[in-house]
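Asks: The structure that follows is given in the form of structure tokens.
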Amino acid sequence: MTITAQAFVFSEYGGPENLTLQDIPVPAPAAGEVQIAHTAIGVNFIDIYHRKGVFAPKQPLPSPLGMEGVGTIRAIGPDVTGFRTGDRIAYAGGPLGGYATHRNVPTARALKVPSDLNSETVAAMLFKGLTAEYLVHRCVTVGPGETVLLHAAAGGVGSIACQWLKANGVKVIGTVSTQEKAEIAYANGCDEVILYTQDGFQMQVAEITRDKGVSVVFDSVGADTFTESLRCLRPRGTLVSFGESSGPVPPLNVASIGGLGSLFVTRPSIAHYTADRRELESAAQRLFAAIGDGKLHRPRVTSYAFEDAASAHADLEARATTGSVILVP
Ligand SMILES: NC(=O)c1ccc[n+]([C@@H]2O[C@H](COP(=O)([O-])OP(=O)(O)OC[C@H]3O[C@@H](n4cnc5c(N)ncnc54)[C@H](OP(=O)(O)O)[C@@H]3O)[C@@H](O)[C@H]2O)c1
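As structure tokens, this is what we get:
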């Protein structure tokens, strides 16, 4: 049976004002899908890139929005095994359409949610936590005795990655834009925090590491930090460029990273680190276990009513949020 959901859609690329709430039909779930009523929805910086049309190829318009949600199954499509009506599930990494009261989700992306975690916590931690999981454990190998630089250490991914690195015995230098965020970064486990909007960060990293440089830079800021990040690495260190919240990274002359110390540069995506179902499940298990055994604290959550998605976008884009941002229908 087709039902009517409320969903955010945008018909032009641009600012948050382009998000409009509409009634949309949701058909009965197709083969391999379940239909859920969302109980909490994750807001991620990637939603802003989608809304602005940053990625090539751009998604066709009008477009739904949102890559992450938690909800209760209300209908099951044909050929679905392992899920039942009433189960609470979560998904992260698409398909687009999370900013909706109801939607159909392919079970290939669906994960059962541990009963001791509420929906808000899961919506705050799944996409960002799966990102932190692959960055810290699978994209690079970094362990006790090593020092890393982590930008935006009071943000969504940054807060979780920082706690996980610290729990793994890594020394973490975090960057943030304000003193208030510095307090949060320290609470996340940063050993040192740099206010990078004041005087940059390269000199302070050199001072902290006694000119040795760091093993890894986790750089989600992009345009404003990329070049300086490269200069913070020790010889044979790795720049993990995993986002561009300040704008696209400048072109890289590959020859230049030889002169800087035989560096490695990678541009990873959660899509490639969780495409395989077994990898997705084991990453989620590692995340839920880390929350369960206290390695990761329940996240700071900045929560907005579902109808206020445009405000959530405006605040996230203006660097006015800390921790994870969610919508609650
Ligand atoms: N590649 C992947 O697989 C993957 C997956 C998930 C997320 N990401 C990336 O990870 C980053 C963090 O995502 P998130 O959802 O957790 O967001 P977030 O960290 O909560 O918010 C972004 C933060 O970036 C910092 N920032 C620096 N310059 C900025 C600017 N010009 N405009 C806006 N923010 C700026 C701000 O922190 P300060 O105020 O402290 O500077 C801001 O709070 C994003 O770049 C996102 O694209 C990548």
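Numbering (the working numbering), first residue to last: 119 to 447. Yeah, the Cβ is synthetic: ideal placement off N, Cα and C, and Gly gets one too. Keep in mind it's a predicted model, so treat the numbers as computed, not measured.
At a cut of 8 Å, does the stretch 122-138 reach the stretch 423-431 through at least three beta carbon pairs?
Replies: yes
Asks: Do three or more CB pairs link the stretch 334-341 to the stretch 351-359 at distances below 8 Å?
Replies: yes
Asks: Quick one: Cα of residue 162 to Cα of residue 361, how far?
Replies: 11 Å
Asks: Within 7 Å: the Cβ of residue 386 and any heavy atom of ligand 1?
Replies: yes
Asks: If we count the other Cβ atoms within 10 Å of its Cβ and call it buried at 16 or more, is residue 363 buried or exposed?
Replies: buried
Asks: Rounded C-beta distance between residue 198 and residue 157? I'm assuming under 8 Å.
Replies: With a Cβ gap of about 20 Å, residue 198 and residue 157 do not count as contacting.
Asks: Name the two residues that bound the continuous beta strand (DSSP E) containing residue 139.
Replies: 137-144
Asks: Cα separation between residue 170 and residue 126?
Replies: 15 Å
Asks: Does residue 104 come out as helix, strand or coil in the three-state DSSP assignment?
Replies: There is simply no residue 104 to check, as the chain begins at 119 and stops at 447 in what is shown.
Asks: Please find out if some non-hydrogen atom of ligand 1 comes closer than 7 Å to the beta-carbon of residue 162.
Replies: yes
Asks: How is residue 393 classed by DSSP in three states: helix, strand or coil?
Replies: coil
Asks: Can you give me the start and stop residues for the beta strand (DSSP E) that residue 337 sits inside?
Replies: Element bounds for residue 337: 332-337.
Asks: What residues in its chain sit with their C-beta under 8 Å from that of residue 365, if we drop five residues either side in the sequence?
Replies: 340, 341, 342
Asks: From residue 348 to residue 266, what does the alpha carbon distance come to, in whole angstroms?
Replies: Cα to Cα, residue 348 sits roughly 12 Å from residue 266.
Asks: Which of helix, strand or coil does DSSP assign to residue 225?
Replies: DSSP places residue 225 within a helical segment (H, G or I) once states are collapsed to three.
Asks: With which residues is residue 442 paired in a DSSP beta bridge?
Replies: 419
Asks: Can you tell me the Cα-Cα spacing of residue 303 and residue 159, whole angstroms?
Replies: The alpha-carbon atoms of residue 303 and residue 159 are separated by roughly 24 Å.
Asks: Restricting to Cα atoms, I'd like to know which of 227, 140, 415 is closest to residue 307.
Replies: Nearest option by C-alpha distance: 415.
Asks: Any beta carbon of chain C sitting closer than 8 Å to that of residue 197?
Replies: Any reference to chain C falls outside this structure, which holds one protein chain only.
Asks: With three or more beta-carbon pairs closer than 8 Å as the criterion, would you say the stretch 310-329 touches the stretch 229-249?
Replies: no
Asks: Which value, in whole angstroms, describes the spacing of the CA atoms of residue 285 and residue 422?
Replies: 30 Å
Asks: To test your reading of the DSSP string, which unbroken beta strand (DSSP E) runs of 3 or more residues are found completely within the stretch 270-308?
Replies: 289-294
Asks: Quick one: measure Cβ to Cβ for residue 225 and residue 151, integer angstroms, because I've assumed they're closer than 8 Å.
Replies: 7 Å
Asks: Could you pull the start and end residues of the alpha helix (DSSP H) that residue 251 belongs to?
Replies: 237-252
Asks: Considering only C-alpha positions, which residue in the set 389, 147, 179, 153 is nearest to residue 128?
Replies: Its Cα nearest to that of residue 128, the residue 179 stands out among 389, 147, 179, 153.
Asks: In the DSSP assignment, find the beta strand (DSSP E) that holds residue 382 and state where it starts and stops.
Replies: 382-384
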